[in-house]
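Everything below concerns the one structure shown next.
Spelled out as structure tokens, the structure:
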């Protein structure tokens, strides 16, 4: 199956859900998709702000920034 791991996992999940629907409606005896394993999706570490970004965030907006709501 071409594409990313998360795309494959979503597709398998959708097919499993559709198989459950068919089984519950009586159109299918067993949901064979339950036998298909979903690929393991690697965990991603959160992005970390650099020291410069943290300093800018703590200092707040500069003098050149106007009001955010657009009112005067």
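Numbering (the working numbering), first residue to last: 57 to 128. All C-beta atoms in this analysis are idealised placements derived from N, C-alpha and C, irrespective of residue type, glycine included.
task = Please go through the segment 79 to 116 and give each complete alpha helix (DSSP H) segment of 4 or more residues, from N-terminal end onward.
result = 107 to 115
query = What does a CB cutoff of less than 8 angstroms around residue 65 pick up in its chain, not counting 5 residues either side in sequence?
reply = On the chain shown, residue 65 is found 9 positions in, with the first residue counted as 1. The answer, listed in chain order, is 94, 95, 97.
ask   = CA-CA distance, residue 109 and residue 63?
value = Translated into the one-based positions of the chain shown, residue 109 becomes position 53. Translated into the one-based positions of the chain shown, residue 63 becomes position 7. Distance between the alpha carbons of residue 109 and residue 63: 33 angstroms.
task = Report the rounded CA-to-CA distance for residue 67 versus residue 104, giving the unit in angstroms.
result = As a working note, residue 67 is residue 11 in the chain shown. As a working note, residue 104 is residue 48 in the chain shown. Looking at the two C-alpha atoms, the distance is approximately 31 angstroms.
ask   = On the premise that residue 87 lies in contact with residue 106, defined as a C-beta separation below 8 angstroms, what is that separation, rounded to the nearest angstrom?
value = On the chain shown, residue 106 is found 50 positions in, with the first residue counted as 1. On the chain shown, residue 87 is found 31 positions in, with the first residue counted as 1. In fact, because the Cβ distance is near 48 angstroms, the residues do not count as touching under 8 angstroms.
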